[in-house]
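Working notes, structure below.
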Amino acid sequence: MRTVLLAVLAISAFAADLPVIAVTGGQIRGGTLEKGGTLSGAVFKGIPYAQPPTGDLRWREPSAVKAWTGVRESTSFGAPCAQNAGGRMQESSSEDCLFLNVWTPEWPARTRKPVMVWFHGGGNYAGTASGNNFDGESLARRGVVLVTANYRLTVFGFLAHPELTKESPHHASGNYGLMDQIAALKWVRDNIAKFGGDPANVTIFGQSAGAVDVNVLMTSPQAKGLFHKVIAESGTVSRAPDDATMRMTGLGAVMSPRGGNTYSDALTLAEAEKAGTQLFPGSLKELRAMPAGDLLKPTAAPRMSIGPANGIIVDGWILPKPPADVFAKGEEQRVPLLIGNNSRERTPQTTDEELSKAVDAMYGPFASRAFGLYKSSTADPLYGNAGAQWVVDTMYRCPVVVQLNWHAAAGNAGYEYQFDRAAPGREAAGATHGAEVAYVFGNLNANYAAPDRDISAAMQQYWTNFAKTGDPNGAGLPKWPKYDATAGGYIEFTDSGPVAREGLRRPFCDIYLENAKRLMPR
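So in the working numbering the end of the sequence shown lands on 577, straight run, no missing numbers.
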């Protein structure tokens, strides 16, 4: 009996030592950081930032979280947002998923530190912040408060429907995932100071669809003032996530979602509503009563059938205008932007005929010149075959140049990068889509070698320097040139570390720029 009593007292004493804090909704208890360091930090996981968007709250703006009694345990991640896995709803996922996680390097917090808020990738139809891939301790140890957040995905996050538009006080529907991201940023604004974060110095960053989303938020009036810097990894404002280029098996049918070669892939509300009713012809009452798994079935496979159920929609409220148009006119938020891509994002094997059709669809009057340029390029081991070069140039590298040109023309600071390091065992494939994420977060497993850890340390320092000051440069790092359209300076993360260069893929992106000027709004 005495042994049991001592054990209970020990557990109670341990719990009493864990960090407790009051946030919107009530008190939460977190844990301590585990990887060591000079500061005693804390981590809080699975914090609800909105009510579960279930039942009548399905396909509505996120609602304020309800208060709870007692102390909520916040030492484990919340569920991922509902998504498909192998043709059925992923077992661990749930509609009750609007959670975020916070890592702070100092507990109790004594000074206010810059804040970095991460939105994961996954095409806006998959992925989660609820996992160890995005463990924020390593970044937090570099003097920032790190936040990761879930947001609604696929049909729950991006379905537009005439009945939803009609019931909305904003006469809008479809961008529920973006609404969640904005709600998470409002939570950060209202609560992050209690964790030692500075709500006046917030950087949003993301990869793939998360990168597209943070770029798009730069054009949303509803997100204005909620962040002050942006980092976008492998995603630009001119490419809706999981667009037709990404979904094809070859390169034979490269078209925008509306079947043309327009520069912006954002959908109009009417287009999204039409697609929504085709996907789900039932009434809104019936749709709200359907089990989540049944709603996911039509979006399972092939992924092309998802269509706009995971795309960006110009709804007139969250996004009053196409995001690419906003950038082209210099009307985006005036914040520093760090943006780039990986050298081998996609590596399709294509025939000359497929490549020719793809170039025709994209380049119109410039097609013949563009096709000749790619066919005459040698099989560079860094960039792969002509088809792979074209895909990465068209989807990633050259849209980055266009966006940075627009951003710089409006008087904003920009920094470009390219990541070239292949993950261990992936040397033949090269630096593929998502390869940089482990380096940015510092979550490298035992297979990574000393040079990888050096590259990771440099990237983390650049990223956190940027979050602190809007400039990635700092002591002990190669100088990262500020972007300008003439020199096109950028940093390349090579096998031997970061190297400053100029004019990334200049001949290929020059013709892309000519074509973009033809298609961009006047």
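Cβ atoms here follow ideal geometry from the backbone N, Cα and C, with glycine treated the same way. Please read these numbers as outputs of a predicted model, since none were measured by experiment.
Contact check, Tyr-104 vs Leu-73, beta carbons under 9 Å: For the 9 Å CB-CB criterion, Tyr-104 and Leu-73 do not form a contact.
Quick check on Glu-400: does DSSP put it in helix, strand or coil? Collapsing the DSSP output to three states places Glu-400 in coil.
Rounded C-alpha distance that separates Tyr-567 from Asn-528: Between the alpha carbons of Tyr-567 and Asn-528 lies a distance of about 30 Å.
Do you know offhand how far Ala-513's Cα is from Ala-504's? A straight-line Cα-Cα distance of about 15 Å links Ala-513 and Ala-504.
Beta-carbon within less than 7 Å of Ala-486's beta-carbon, same chain only, minus the 5 sequence neighbours each way: which residues are those? Around Ala-486: Asn-397, Ser-398, Arg-399, Phe-474, Asp-475, Arg-476, Ala-477.
So which of Gln-333, Val-157, Arg-556 has the shortest CA-CA distance to Lys-249? Residue Val-157 is the option with its Cα nearest to Lys-249.
Using a Cβ-Cβ cut-off of 8 Å (strictly less than) and excluding sequence neighbours within five positions of Glu-569, which residues of its own chain qualify? These residues qualify, in order along the chain: Phe-421.
With a threshold of 16 other CB atoms inside 10 Å of the CB of Lys-121, please say whether the residue is buried or exposed. So Lys-121 counts as exposed.
Val-292 in three-state terms, based on DSSP: Secondary structure at Val-292: coil, using DSSP grouped into helix, strand and coil.
Measuring alpha carbon to alpha carbon, tell me which residue in Glu-557, Glu-386, Gln-106, Ser-551 is nearest Tyr-206. Checked all of Glu-557, Glu-386, Gln-106, Ser-551; the closest Cα to Tyr-206 is Gln-106.
According to DSSP, is Ala-493 helix, strand or coil? In this structure, Ala-493 counts as helix in the three-state DSSP scheme.
Backbone secondary structure at Asp-448 - three-state DSSP: In the structure shown, Asp-448 adopts helical secondary structure according to DSSP, grouped into three states.
Do the region 372 to 386 and the region 286 to 294 make contact, defined as three or more Cβ pairs closer than 8 Å? Judged by Cβ distances under 8 Å, the region 372 to 386 makes contact with the region 286 to 294, as three or more pairs qualify.
If you reduce the DSSP assignment to three classes, tell me which class Asp-596 lands in. Absent from the model: residue 596. The displayed extent of the chain is 56 to 577, so no value can be given.
Report yes if the C-beta distance between Phe-521 and Tyr-470 is below 9 Å; otherwise report no. In terms of Cβ geometry, Phe-521 and Tyr-470 form a close pair [threshold 9 Å].
I'd like to check one pair, Tyr-545 with Gly-395: are the Cβ atoms closer than 9 Å? In this structure, Tyr-545 lies closer than 9 Å to Gly-395 by Cβ.
Can you give me the Cβ contacts of Arg-561 inside the same chain, cut-off strictly under 8 Å, excluding the 5 residues immediately before and after it? Same-chain partners within the cutoff: Gly-543.
Does the Cβ of Asn-500 have 16 or more other Cβ atoms within 10 Å, making it buried, or fewer, making it exposed? By the 10 Å Cβ count, Asn-500 comes out exposed.
Report the residue ranges of all beta strand (DSSP E) runs contained in full by the region 93 to 138; include only those spanning at least 3 residues, in chain order. Those beta strand (DSSP E) runs which fall completely within the region 93 to 138 and span 3+ residues are 97 to 103, 126 to 128.
Helix, strand or coil at Phe-548 [DSSP, three-state]: If DSSP states are grouped into helix, strand and coil, Phe-548 belongs with the strands.
Selection from Lys-572, Ala-164, Ser-147, Pro-135 that minimises the alpha carbon distance to Ala-383: Just measuring C-alpha positions, the residue of Lys-572, Ala-164, Ser-147, Pro-135 sitting nearest Ala-383 is Lys-572.
Within the region 459 to 505, note down every full beta strand (DSSP E) run reaching 3 residues or more, in order along the chain. Runs found: 469 to 474.
On a CA-only basis, which of Arg-389, Lys-430, Met-450, Glu-387 is nearest Met-417? Give me that one, please. The shortest Cα separation from Met-417 among Arg-389, Lys-430, Met-450, Glu-387 belongs to Met-450.
Ignore the nearest five residues each way along the sequence and tell me which others in Val-554's own chain have a CB closer than 6 Å to its CB. For Val-554, where only same-chain residues beyond five positions count, the Cβ hits under 6 Å are Glu-547.
Please state whether the Cβ-Cβ distance between Ser-149 and Ala-344 is less than 9 Å. Result no, Cβ atoms of Ser-149 and Ala-344 do not sit closer than 9 Å.
For Asn-270, report the span of its beta strand (DSSP E) as first-last. No beta strand (DSSP E) contains Asn-270, which is instead part of the alpha helix (DSSP H) from 264 to 272.
Using a Cβ-Cβ cut-off of 8 Å (strictly less than) and excluding sequence neighbours within five positions of Ser-147, which residues of its own chain qualify? If we look at Ser-147 and ignore the five residues flanking it on each side, its Cβ neighbours are Ala-134, Pro-135.
Just the Cα atoms here: how many angstroms apart are Ala-330 and Val-414? If you draw a straight line from the Cα of Ala-330 to the Cα of Val-414, it comes to about 27 Å.
By the DSSP assignment, the beta strand (DSSP E) with Thr-220 in it spans what residues? Not the beta strand (DSSP E): Thr-220 falls in the alpha helix (DSSP H), residues 217 to 222.
Through-space distance from Leu-155 to His-216, alpha-carbon basis: Roughly 28 Å between the two C-alpha positions.
May I ask you to report which of helix, strand or coil DSSP gives Phe-189? In the structure shown, Phe-189 adopts helical secondary structure according to DSSP, grouped into three states.
Starting from Thr-159, follow the alpha helix (DSSP H) in both directions and report where the run begins and ends. Counting along the chain, no alpha helix (DSSP H) covers Thr-159; the unbroken beta strand (DSSP E) around it starts and ends at 154 to 159.
From Ser-194 to Phe-496, what distance separates their C-alpha atoms? At residue 194 the sequence reads Leu, which differs from the Ser that was named. When the Cα atoms are used, Leu-194 and Phe-496 turn out to be separated by approximately 6 Å.
Looking at the secondary structure, which residues open and close the beta strand (DSSP E) in which Ala-77 lies? Counting along the chain, the unbroken beta strand (DSSP E) around Ala-77 starts and ends at 75 to 78.
Beta bridge counterpart(s) of Leu-339 as assigned by DSSP: Beta-bridge annotation (DSSP): Leu-339 is not paired with any residue.
On the three-state DSSP scale, how would you describe Thr-519? Of the three classes helix, strand and coil, the one that applies to Thr-519 here is helix, per DSSP.
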